[in-house]
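Chains as they are written, first to last, in this note's numbering: chain A, 1 to 340; chain B, 1001 to 1340; chain C, 2001 to 2340; chain D, 3001 to 3340.
Heads up, the beta-carbon is just placed ideally off N, CA and C, and yes, glycines get one too.
Everything on this sheet refers to the single structure shown next.
Protein chains: 4
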Amino acid sequence: MKKVKVGIAGYGTIGQRLADGVALQEDMELVGVADLAPTLSIRALFEKGMPYDLYLVNDSHLEEFKALGIPVAGSFEDLVSNVDIMLDAAPGGIGIKNKEVYKKHGVKAIFQGGEKSDVADVFFHGYANYSAGLGADYLKLTSCNTTGIIRAVDALDRDFGITRVALTIVRRVADPGDYHRGLTNALELEKAPSHQALDLMEIMPHISATGILIHTPVTHGHMITVLASSTQKLTKDDVLKSFNKHPRIRVVSKDEGFLGNASFFKYARDLGKPRGDLYEIGVWSDSIVESGNDIMFAMYIPQESITIPETIDGIRAALLMEENQAEATSLTNSYLKITK
Amino acid sequence: MKKVKVGIAGYGTIGQRLADGVALQEDMELVGVADLAPTLSIRALFEKGMPYDLYLVNDSHLEEFKALGIPVAGSFEDLVSNVDIMLDAAPGGIGIKNKEVYKKHGVKAIFQGGEKSDVADVFFHGYANYSAGLGADYLKLTSCNTTGIIRAVDALDRDFGITRVALTIVRRVADPGDYHRGLTNALELEKAPSHQALDLMEIMPHISATGILIHTPVTHGHMITVLASSTQKLTKDDVLKSFNKHPRIRVVSKDEGFLGNASFFKYARDLGKPRGDLYEIGVWSDSIVESGNDIMFAMYIPQESITIPETIDGIRAALLMEENQAEATSLTNSYLKITK
Amino acid sequence: MKKVKVGIAGYGTIGQRLADGVALQEDMELVGVADLAPTLSIRALFEKGMPYDLYLVNDSHLEEFKALGIPVAGSFEDLVSNVDIMLDAAPGGIGIKNKEVYKKHGVKAIFQGGEKSDVADVFFHGYANYSAGLGADYLKLTSCNTTGIIRAVDALDRDFGITRVALTIVRRVADPGDYHRGLTNALELEKAPSHQALDLMEIMPHISATGILIHTPVTHGHMITVLASSTQKLTKDDVLKSFNKHPRIRVVSKDEGFLGNASFFKYARDLGKPRGDLYEIGVWSDSIVESGNDIMFAMYIPQESITIPETIDGIRAALLMEENQAEATSLTNSYLKITK
Amino acid sequence: MKKVKVGIAGYGTIGQRLADGVALQEDMELVGVADLAPTLSIRALFEKGMPYDLYLVNDSHLEEFKALGIPVAGSFEDLVSNVDIMLDAAPGGIGIKNKEVYKKHGVKAIFQGGEKSDVADVFFHGYANYSAGLGADYLKLTSCNTTGIIRAVDALDRDFGITRVALTIVRRVADPGDYHRGLTNALELEKAPSHQALDLMEIMPHISATGILIHTPVTHGHMITVLASSTQKLTKDDVLKSFNKHPRIRVVSKDEGFLGNASFFKYARDLGKPRGDLYEIGVWSDSIVESGNDIMFAMYIPQESITIPETIDGIRAALLMEENQAEATSLTNSYLKITK
């Protein structure tokens, strides 16, 4: 089997995990990752023996790399010219500049949620609008919260036809080890409606969505409550069935020991998952309550890793590796060892 | 004017603030407060010159009080036998034992939300069911979150007739200076539905309520999102009008600088409020969004002080000082300098 | 008695407290405070009835003030031209620009610790080098941590002659209500030696000082351990006597309920102190341990309010209101009701 | 080579990591782990296919295990009777009871730091007093902080002869995912001297040690400042050399990106270390400062995993697998892939 060739721009929180995820896909070849400076993550890459080739976005830190003995495989253009598709996980605002390089070399790209929407032709989610990505040149993935919310809402929508969602997003404010952002003993409100609700409507235009977002001073994942309405009454049993059969959703309970976001992180570490990462979102069975004809539930989003599967789905769509959504996501899941 | 005589059991977070609040009521006399040990709060009371007389629940720490030179006015029964009503702010589970003393002396009492419901004849909220408290012997106040939620929902209910609410309670896990409880870098889910939703239905039985509660590692107040339904469509303008006219609700915005719960605490300190306390809840005007015919908004609850006004309302009801709710709450507001 | 006239530049965390503190001095007149925009603190000033006149640094937000109905007493130059001394609590880097206005009007000024040292002629501490400030035109106060450290070290130095200190500064990273800075689930090291150690040596050049600073995600005050050496052996009793007699040092213990920084904040709130502020630093008696001939102890710094007394001492020095340090600090303490 | 047989009591934070560490030792066989209930960690063990056999301490949760389909290999006594040594990582206070079972079966044991000291014959550290453990029946390991402090102090002691240390321990208050303990926006002081200083003196009686401990609301590792004295002057270069050559110490700097405790955790995750664990402590080169003849520096302790290597050293000592400390620790390091 001929493998498609993939490059990664930006070896930060998302870029590293994209690299790990792509490396597991048997029908893809990870050509390399591109970054700028010898960050902690690059130093760690070096200490573990350079499993991925490193390309430099520019020469601004070249001397440091030499002094540290970190091997450099080439320039950013060397990388781009040698791949079929780039996964762009550069900091927000850089992707639009990188796009010029992708265009020049006729290479497709998938941008992450931090980039502005007009960077891409298609705003993409692996389950909810896979077909929109087929053959597209430039995709932008939904953000971490939106990706998880859509997974859950799409699961219900397929079974019951969802018409309205009202979200309360309790957002972790920084990733573990992140010293650039932070909040200390404070909750912070965003003006409503939250962008996640607006983004959901772009992907699923038949749904009326709104939401309120509150930042909280924690690092181990977002928690979200969803109130969902259908044209029919939704029961707890109904939605449990939908969630239980979804490969990228874990249904858990407090009685099992899942007390909150930090329990998921602990569980993934105890599982031995690299970096303590989970690809699945969580839904608490004991959070599901009926409200009139509507249903309300609480979910968990592992912000560092959640977009990896849907981004890899995007490669399959953009490069026309697989036309059928169910087949494509199933293949991604299988290589990522997301099993149910 | 003959003043009614009031005693306080428990000089903790709530007890102190009840004492301060009662002391401001010109038609009430604060006879004293009862506690057990020379806690930090009792030491502070002593350092500021014993503005309130102190009674001892028992003699277990009597020698310490003597050694510290803190004057003791008498026993718990001395206090109870000398008042018309006790405000019981003892730790959860103690109130039911104190009730025996109140009964013995034929003294009425108002318990705080931490006590079990069967301690009281009436579950009480100053606005939503004032008349139920008229002449009652034993009232139990709604908890801090429920008190605030009901204030906001009752405001809308009076104007529009509310039929359903769905709550997401983002709860502060401990008070400032509280070393007994705590959460570190973790959000914790409670099993749904939250007790606040159930309690709301007890006070407002015509409303269908449910809710999900998430504990967060902060100290400066709860934040809650409310989705409310009426038989009519609710608009942002509608609900703003209701909130703006309510004396115990402050309508604020992010543009003014109210970024989250900690902004309210800062603002109250800057106002020079004793202890940095506010009696009002907050509603963010820029959080209000329409969801179909429903309305959604975010509010703030100052957990340490919010139940003070409604507890004082309860004194007026239980002792038949005022039969009319609007008159009673207006009097409380006036003495507490809650002005709008 | 003719009162000296004082103005304040910057109505933030420090500026507000300087205003409150100066207003209590019976030999000083607070002419007004200057700021720029209708911040939360200015809105609070307005809501409490403008106890201090407000001057505008420039007209950039004038329309907002008009729309809000907040009265403006004049321009920055109006304020400066009408005072004997300015207390500059503007954000770091602004003071040096303000100094041009002070110079133009021949007005003295005291800058806070955030400003660069060369803004001033004298680096000042009310106890440790009072006489250096006598008649000086431009003073810069030590920062909050340094002010508190020097208070404690100076107390020991007077009694025992301190030769060396080694500091570990466990720093609160943000003030309550501060959304501009923050740290989430992380400790952050500063490169050693910390500036506080260097600053101490500038004020007390006979002492060899070094220190390591670690930022922690809390808001209610710094905690510092000090290892101090003398030419003689220091005992726990020795240092307790020094600390106990110092009016701006509170000696406390865990057994009393002072468990950490948050206990002090709670205690000050329970005392009814405006904003929950303390002017004193704390030393835990049960933290004091001997290490060979040296002594080690832990102290508490209320970062928002600690520099207020020493800044007011600075007014007395700069304006030659009192030549003797003991008299000057005693007067400041008396008006601030710091009693021992 | 005949392998020694090892069992683990308690599959919590430490027990899991002991199991992983022992499993890597080519001269040891991990017979199994014992626990009580289907905790999250046991559920994770099951989900990853039971790499270790599970024994049940008692039958109190047997039905749950059956219902979940988690295989049970036998009873606690089945495990104990089948091993040469038990590593007891049960919650504090349980080890002393387990010891009766170990005695009955004539099996040696190594207890963790949470157990009281009289549970063991020897208080043990792999580097500082290896020979004391030779052939001993019951060892107790130093606690996580003490283990790391002694590593660093022993490194200096070997080269320069340390006479005095003064510690400031900035302690993380809970592990990631720990919902049982917590602190919110508060620092908490322990009464001095801290037990770590006392414990150090038990292992290294020629050193005079004291220390102050402050709990902080973070989860990703302790940070400690050490002031160390020798009979000679200690320079930064001196101590850097000692630290650089120690296999279980990583020397890092802020310039590399190690900003604090959370950077180490991030780095270990980026390295792909299971659970994001490091066995090494960290010392910041840019924290090292001279104070007179003494040296002061800041170090990092990965509290979840640090005691694993020294506990495994203890197996080698107790079972007389290796009489020489350097050989023993080198073997442990080699199997754990601690390379320098």
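Annotation: PHE265 of chain A to ARG3269 of chain D spans about 12 Å, alpha carbon to alpha carbon.
The three-state secondary structure of MET1201 of chain B, taken from DSSP, is helix.
Between ASN2145 of chain C and ILE2203 of chain C, the C-beta gap is not smaller than 7 Å, which leaves the two residues out of contact. Ranked by how close their Cα comes to the Cα of ASP286 of chain A, the residues A:THR307, A:LYS236, A:PRO247 and A:LYS2 have A:LYS236 in first place.
Short of 6 Å from the beta carbon of ALA23 of chain A, and not among the five residues preceding or following it, lie these beta carbons of its own chain, in chain order: LEU30. Taking a Cβ-Cβ threshold of 9 Å, the residues of chain C close to TYR1267 of chain B are LEU2040, SER2041, ARG2043, ALA2044, GLU2047 and GLY2177, in chain order.
In this structure, the beta-carbon distance from ALA1109 of chain B to ILE1014 of chain B does not fall below 7 Å.
Taken in chain order, the members of the segment 1215-1246 of chain B whose beta-carbon sits within less than 8 Å of a beta-carbon on chain D are PRO1217, VAL1218 and THR1219.
Counted as a single uninterrupted DSSP element, the alpha helix (DSSP H) harbouring LYS66 of chain A occupies residues 62-68. Residues of chain D whose Cβ lies closer than 9 Å to the Cβ of GLY2260 of chain C are, in chain order, LEU3183, ALA3186, LEU3187, GLU3188, LEU3189, ILE3214 and HIS3215. Burial state of ASP1255 of chain B is exposed, judged by a 10 Å Cβ sphere holding fewer than 16 other Cβ atoms. Scanning the segment 3155-3192 of chain D for uninterrupted alpha helix (DSSP H) segments of 4 residues or longer gives nothing; none is fully contained. Per DSSP, reduced to three states, the secondary structure at VAL2218 of chain C is coil, with no helix or strand assignment. Around the beta carbon of ALA2155 of chain C, 16 or more other beta carbons lie within 10 angstroms, which makes this residue buried. Neighbourhood of THR2307 of chain C in chain D, by CB distance below 7 Å: empty, with the nearest CB roughly 21 Å away. Residues of the same chain with a CB within less than 6 Å of the CB of ALA2136 of chain C, apart from the 5 flanking positions on each side, are ASP2121, VAL2122 and ALA2318 in chain order. Around the C-beta of ALA1298 of chain B, 16 or more other C-beta atoms lie within 10 Å, and the residue is accordingly described as buried. Against GLN303 of chain A, chain D offers no close residue; the least beta-carbon distance is about 14 Å (beta-carbon pairs closer than 7 Å).
When Cβ-Cβ separations below 7 Å define contact, ASP270 of chain A makes contact with chain D. Burial is judged here by how many other beta carbons sit within 10 angstroms of a residue's own beta carbon; THR1339 of chain B has fewer than 16 and is exposed. In the DSSP annotation of this structure, the continuous segment of the alpha helix (DSSP H) that includes LYS1266 of chain B starts and ends at 1261-1271.
When DSSP reads this structure, ILE2212 of chain C sits in a beta bridge with C:THR2168. By the Cβ neighbour-count rule, LEU1271 of chain B is buried, with 16 or more other Cβ atoms within 10 Å of its own. The C-alpha of GLY2095 of chain C lies about 29 Å from the C-alpha of ALA2326 of chain C. Close to ALA166 of chain A, with beta-carbon spacing below 7 Å, are these residues of chain B in chain order: LEU1227, SER1291 and MET1296.
Separation of HIS1125 of chain B and GLY1012 of chain B (C-alpha to C-alpha, rounded to the nearest whole angstrom) is 22 Å. The alpha carbon of GLY3074 of chain D has as its nearest neighbour, out of D:GLY3133, D:ASP3118 and D:GLY3007, the alpha carbon of D:GLY3007. For the C-beta of ALA2037 of chain C, not a single chain D residue is nearer than 8 Å; the gap to the nearest is close to 28 Å.
Under the Cβ criterion (8 Å, minimum of three pairs), the segment 3218-3227 of chain D counts as touching the segment 3162-3182 of chain D. About 7 Å separates the CB atoms of TYR1138 of chain B and VAL1119 of chain B; that is less than 8 Å, so the two are in contact. Under the Cβ criterion of 7 Å, ARG3250 of chain D is not counted among the residues facing chain A. Take the alpha-carbon of LYS337 of chain A and the one of ILE295 of chain A: they are about 31 Å apart. Annotated three-state conformation of VAL3107 of chain D is coil, per DSSP. In the DSSP assignment, LYS3140 of chain D falls within the beta strand (DSSP E) that extends over 3138-3141. Of C:TYR2179, C:ILE2288, C:THR2210 and C:GLN2112, the smallest CA-CA separation from PHE2243 of chain C is found for C:ILE2288.
Each residue's CA atom was taken as its position, placing MET3201 of chain D and LYS48 of chain A some 38 Å apart.
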